[in-house]
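**Student:** Provided herewith is a single structure, encoded as structure tokens, for subsequent inquiry.
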Amino acid sequence: MRLIPVREAFLWRNAVQRCTVSALYHTTQQLQRKVAYKNAAPVRNFHYTTILCDEKKIKVVAEETTGFSSGRHDEQDVRPKRIILLRTAESKRNINQATCVNIPDWRCTLTTRGHQQAKEAGKQLLKILVDNDNNQENDVTTNENDTATNDQLENDATTTRSANEKIIFFYSPYERTQETLDEILSVIPSHKVVGTYADPRLSQQQKGNFQDVNELLVAQEERRRYGRFFYRYPSGEAGSDVYHRVSSFVSSLFRNCVQYKDHGYNLNEMTVVVITHGSVLRLFLMRWFQFSVAEYEESTNPPFAQLVCLNKIKKGHHYWYELEEEGRQALHLPESCAIPKNVSIYKLMKK
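Here's what the structure looks like:
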């Protein structure tokens, strides 16, 4: 057995199985050109690592720096502790679709009940942060009294060591999502909020401009029969169009996390909240967990102002996100949709 230093490339699904000793360098070059963006933006810097190989076997000792799996080193992890998706609270359009006959959809505001729903969502979000802060303080006290083994320290890598939970908001620029955010911010202490960003890629699926109610109802019935993912509204978007812009947003999300990490923020103390619309939320999850079109078609929008939580999981040197049970049930998704559809993760779960 001999050691061969090679320049690290992004690992692609089943790449190691396709490697041979003679094609090693050629394969790593191919991988750089065939990066599959699996839930993350590419990392600019490559690192040198080592390949252990002999005539029969190749063992790649490398770092996955994209998607839901991780590299071998915690410092390479550029994913926040949790991602919370939030459907906007109830709007006037949800009560009366004729609202958008004379008012642009993006200017449609919340109902009185919608404001209450958004404020309640803020309280639930604050409870998540406060409960986590309390757990962190208890962990610190326990660790001061007990001597932890190396394995314990490794398993606690995603647990923060101070009550310093921070939060970043990304939201659709629609009036109703901004009002939802304002109600949430009225509950969350300002020192916990490190950024709020409006992103047009989180906008509602476009169904046309000023909308005739009868034509919209006909289109919605046609969409139900045709399939919600591929159906294109007249003068509007198909679900597949929204899927593509959501995919672009995912990459930007991770680039933002890298910037915060570079500025000294601990991403294991960071929660990202995405406030968007029902169908966009489901397409975000479809992109993230690689739902099939059939699985997307079977899903439904969550209730207004429902928190849908994705928690970062660590096993060994691998990271991925899992969808909380409450959110999965609210979306009527099967259990198989709660973790990424990646063979290596299923193998990890079985160990």
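If you read the sequence shown in numbering that gives the first Met the number 0, its first letter stands for residue 0, the second for the next number, and so on. Every residue, glycine too, gets a C-beta built ideally from N, C-alpha and C.
#1: Inspect the beta-carbon positions of S239 and F229 and report whether they are closer than 8 Å.
#2: Under 8 Å by Cβ, that's how I've got L201 and V273 pegged, so tell me the actual separation to the nearest angstrom.
#3: List the DSSP bridge partners of E321.
#4: Helix, strand or coil for Y173 per DSSP?
#5: Taking only the alpha-carbon atoms, compute the straight-line gap between K122 and S247 and give it to the nearest angstrom.
#6: Expressed to the nearest angstrom, what Euclidean distance is found between the alpha-carbon atoms of R281 and V193?
#7: Tell me, please, which residues DSSP counts as bridged to G113.
#8: Say whether chain D places a C-beta atom closer than 8 Å to the C-beta of F228.
#9: Which residue from H317, F209 and S90 puts its Cα closest to that of R112?
#10: Confirm, please, whether the CB-CB distance from K206 to Y232 is below 8 Å.
#11: Rounded to whole angstroms, how far is the Cβ of E234 from the Cβ of N208, which I believe are closer than 8 Å?
#12: Leaving out the 5 sequence neighbours to the left and right, which residues in its chain are closer than 7 Å to E323 when beta-carbon positions are compared?
#13: Which same chain residues end up closer than 6 Å to N163 when comparing Cβ atoms and leaving out the 5 residues on each side of it in sequence?
#14: What does the alpha-carbon distance come out to for the pair C107 and V100?
#15: Mark V271 as exposed unless 16 or more other C-beta atoms lie within 10 angstroms of its C-beta, in which case mark it buried.
#16: For the beta strand (DSSP E) holding A197, just list the boundary residues, first then last.
#17: Between R223 and V77, what straight-line distance do the alpha-carbon atoms span, to the nearest angstrom?
#18: So T176 packs on T87, CB below 8 Å; how close in whole Å?
#19: Measuring only the C-alpha atoms, how far is S189 from L125?
#20: Classify L85 as helix, strand or coil using the three-state DSSP reduction.
#21: Would you kindly work out how many angstroms separate the C-alpha atoms of W287 and L332, rounded to a whole number?
#22: Taking the alpha-carbon of I187 as reference, which of L85, R92, Y242 and I166 has the nearest alpha-carbon?
#23: Check whether the Cβ atoms of Q320 and I83 sit closer than 8 Å, and answer yes or no.
#24: Alpha carbon to alpha carbon, how far is H276 from V241?
#25: To which residues does DSSP link E168 through a beta bridge?
#26: With DSSP as the reference, label A237 as helix, strand or coil.
#27: Note the first and the last residue of the continuous alpha helix (DSSP H) segment covering K206.
#28: Within a Cβ cutoff of 6 Å, which residues of the same chain sit near L128, ignoring the five residues on either side of it in sequence?
#29: Please identify the residue among R327, Y318 and K313 whose C-alpha is closest to the C-alpha of P301.
#30: Alpha helix (DSSP H) containing R92: first to last residue?
#31: On the premise that R244 lies in contact with E296, defined as a C-beta separation below 8 Å, what is that separation, rounded to the nearest angstrom?
#32: So what's R327 in DSSP terms, helix, strand or just coil?
#33: May I ask you to report which of helix, strand or coil DSSP gives R227?
#34: Tell me the rounded alpha-carbon separation between A237 and V292.
#35: Using alpha carbons as the reference points, say which of S335, S298 and N213 lies closest to Q96.
**Tutor:** Here's the rundown:
#1: Within the sequence shown, the letter at position 240 stands for residue 239. Within the sequence shown, the letter at position 230 stands for residue 229. Contact check for S239 against F229 passes: the beta carbons are separated by less than 8 Å.
#2: On the sequence shown, position 202 is the one that residue 201 refers to. On the sequence shown, position 274 is the one that residue 273 refers to. Right, the Cβ-Cβ distance comes to about 7 Å (below 8 Å), so this counts as a contact.
#3: In the sequence shown, the residue the question calls residue 321 occupies position 322. Note: E321 sits in a beta bridge opposite N310.
#4: Taking the first residue of the sequence shown as 1, we reach residue 173 at position 174. Y173: coil per DSSP, three-state reduction.
#5: In the sequence shown, counting from the first residue as 1, residue 122 sits at position 123. In the sequence shown, counting from the first residue as 1, residue 247 sits at position 248. Using only the alpha carbons, I get a separation of about 30 Å.
#6: As a first step, residue 281 is located in the sequence shown; it is residue number 282 there, counting from the start. As a first step, residue 193 is located in the sequence shown; it is residue number 194 there, counting from the start. Across the structure, R281 and V193 are spaced so that their CA atoms are roughly 26 Å apart.
#7: For the purposes of this step, residue 113 is taken as the residue at position 114 of the sequence shown. G113 pairs with nothing; no bridge assigned.
#8: The chain inventory of the structure shown lacks chain D, comprising one protein chain alone.
#9: By 1-based counting over the sequence shown, the position of residue 112 is 113. The residue among H317, F209 and S90 with its C-alpha nearest the C-alpha of R112 is S90.
#10: In the sequence shown, residue 232 corresponds to position 233, counting from 1. In the sequence shown, residue 206 corresponds to position 207, counting from 1. In contact: Y232 and K206 (Cβ atoms closer than 8 Å).
#11: Position 235 of the sequence shown, counted from the first residue, corresponds to residue 234. Position 209 of the sequence shown, counted from the first residue, corresponds to residue 208. Here residue 234 is Ser; the residue named in the question, Glu, does not match the sequence. The Cβ separation is near 7 Å, so the contact holds.
#12: Residue mapping note: residue 323 aligns to position 324 of the sequence shown, counting from 1. Excluding residues within five positions, the ones whose Cβ falls inside 7 Å are C308 and N310.
#13: The count along the sequence shown starts at 1 and reaches residue 163 at position 164. Cβ within range, chain order: E268.
#14: Reading the sequence shown from its first residue, position 108 is the one you call residue 107. Reading the sequence shown from its first residue, position 101 is the one you call residue 100. Those two C-alpha atoms are separated by around 11 Å.
#15: For this step, residue 271 is matched to residue 272 along the sequence shown. The residue is buried, with at least 16 neighbouring Cβ atoms inside 10 Å.
#16: By one-based count along the sequence shown, residue 197 stands at place 198. Start and end: V192 to A197.
#17: Walking along the sequence shown from the start, residue 223 turns up at place 224. Walking along the sequence shown from the start, residue 77 turns up at place 78. Each residue's alpha carbon lies about 39 Å from the other.
#18: Your numbering for residue 176 matches position 177 in the sequence shown. Your numbering for residue 87 matches position 88 in the sequence shown. The C-beta distance from T176 to T87 rounds to 5 Å, short enough to fall under 8 Å.
#19: Here residue 189 refers to the residue found at position 190 of the sequence shown. Here residue 125 refers to the residue found at position 126 of the sequence shown. Looking at the two C-alpha atoms, the distance is approximately 11 Å.
#20: Locating residue 85 in the sequence shown gives position 86, counting from the first residue. Strand, per DSSP.
#21: The residue labelled residue 287 in the question sits at position 288 within the sequence shown. The residue labelled residue 332 in the question sits at position 333 within the sequence shown. If I take the Cα positions, the gap works out to 14 Å.
#22: Here residue 187 refers to the residue found at position 188 when the sequence shown is read from its first residue. Per the Cα distances, I166.
#23: Against the sequence shown, residue 320 aligns to sequence position 321. Against the sequence shown, residue 83 aligns to sequence position 84. According to the sequence displayed, residue 320 carries Tyr and not Gln. Their beta carbons are not under 8 Å apart, which means Y320 does not touch I83 by this criterion.
#24: Position 277 of the sequence shown holds residue 276. Position 242 of the sequence shown holds residue 241. Roughly 11 Å between the two C-alpha positions.
#25: Mapped onto the sequence shown, residue 168 falls at position 169. At residue 168 the sequence reads Phe, which differs from the Glu that was named. Under DSSP, F168 forms a beta bridge with T195 and V272.
#26: Position 238 of the sequence shown, counted from the start, is the residue given in the question as residue 237. Reduced to three states, the DSSP call for A237 is strand.
#27: Translated into positions along the sequence shown, residue 206 becomes position 207. Looking at the DSSP string, K206 is not in any alpha helix (DSSP H), and its letter there is neither H nor E.
#28: Position 129 of the sequence shown holds residue 128. E164, listed in sequence order.
#29: Start at 1 with the first residue of the sequence shown, and residue 301 comes out as number 302. Among R327, Y318 and K313, the Cα nearest to that of P301 is on R327.
#30: Start at 1 with the first residue of the sequence shown, and residue 92 comes out as number 93. K91 to I94 is the extent of the alpha helix (DSSP H) around R92.
#31: Within the sequence shown, residue 296 is the residue found at index 297, counting from 1. Within the sequence shown, residue 244 is the residue found at index 245, counting from 1. No, E296 and R244 are not in contact; Cβ-Cβ is about 20 Å, not under 8 Å.
#32: As a position in the sequence shown, residue 327 is number 328, starting the count at 1. Three-state DSSP puts R327 in a helix.
#33: Position 228 of the sequence shown holds residue 227. It is coil, neither helix nor strand.
#34: Here residue 237 is taken as the residue at index 238 of the sequence shown, counted from 1. Here residue 292 is taken as the residue at index 293 of the sequence shown, counted from 1. For A237 and V292, the distance between alpha carbons rounds to 13 Å.
#35: Within the sequence shown, the letter at position 97 stands for residue 96. Considering only alpha carbons, the answer is N213.
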